[in-house]
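Quick note: the sequence shown uses this note's numbering, first residue 62, plus one each step.
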Amino acid sequence: MAQVTVSIDGKQYRMACDEGQEEHLIDLAERFDRYVSHLKDSFGEIGDQRLTVMAGIMVMDELSELQKRVKGMESEVLTLRKTRDEALTKADKSDSVLTNALGALAQRMEDLTATLAVNKA
Numbered sequence: 062m063a064q065v066t067v068s069i070d071g072k073q074y075r076m077a078c079d080e081g082q083e084e085h086l087i088d089l090a091e092r093f094d095r096y097v098s099h100l101k102d103s104f105g106e107i108g109d110q111r112l113t114v115m116a117g118i119m120v121m122d123e124l125s126e127l128q129k130r131v132k133g134m135e136s137e138v139l140t141l142r143k144t145r146d147e148a149l150t151k152a153d154k155s156d157s158v159l160t161n162a163l164g165a166l167a168q169r170m171e172d173l174t175a176t177l178a179v180n181k182a
């Protein structure tokens, strides 16, 4: 396991993570620190624990909103797939009808050609 030191609200925290995830963990800590700093700027010194809880709630609120958006997009994708599938099925049916109509027309032309050949002879 890899270890990194991150800074939240000016305090250092040593954290473990999977190998190769160090930069990701540092980025997450920096983003969380921005939430804490924003709250500290807004409310002043209200205590480390309270700042951390408030920042955690802000992160969870953002996550909740993103999950709603993802759910809406997933629903939209399902609707688009259904519409596409229906259009493809309709196109296949149209192709089949057109193929049958062209086949019947070709047969009529062959029959007409044969009739004309017999009448000419």
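Glycine included, each C-beta is placed from N, C-alpha and C at the ideal position.
- Could you tell me the distance, in whole angstroms, from the CA atom of I87 to the CA atom of Q64? Their backbone Cα atoms lie some 11 Å apart in a straight line.
- Message: Please tell me whether S98 has its Cβ less than 8 Å away from any Cβ of chain B.
- Response: Chain labels in this structure do not include chain B; a single protein chain is all it has.
- Item | Local conformation of M62 per DSSP, three classes | Reduced to three states, the DSSP call for M62 is coil.
- Item | Distance CB(A116)-CB(F93) smaller than 8 Å | For A116 and F93, yes; Cβs fall inside 8 Å.
- Message: Measuring CB atoms only, is the segment 148 to 159 touching the segment 101 to 111, in the sense that at least three cross pairs come out at less than 8 Å?
- Response: Three or more Cβ pairs closer than 8 Å define a contact, and the segment 148 to 159 falls short of that threshold against the segment 101 to 111.
- Item | According to DSSP, residues forming a beta bridge with V67 | DSSP output for V67 lists Y74 as bridge partner(s).
- Message: What ranges does the beta strand (DSSP E) occupy inside the segment 78 to 125, keeping only unbroken runs of at least 3 residues that lie completely in it?
- Response: None, since the segment 78 to 125 contains no complete beta strand (DSSP E) of that length.
- Item | Distance between M134 and G164 (C-alpha atoms, nearest Å) | The alpha-carbon atoms of G164 and M134 are separated by roughly 44 Å.
- Which value, in whole angstroms, describes the spacing of the CA atoms of L159 and E147? Across the structure, L159 and E147 are spaced so that their CA atoms are roughly 18 Å apart.
- Can you tell me whether L112 is buried or exposed, with buried defined as 16 or more other CB within 10 angstroms of its CB? Taking a 10 Å sphere around the C-beta of L112, we find 16 or more other C-beta atoms and assign the residue as buried.
- If you drop the 5 nearest sequence neighbours on each side, which residues of the same chain put their C-beta closer than 8 Å to that of G81? Counting only Cβ-Cβ distances below 8 Å, and skipping sequence neighbours, we find A63.
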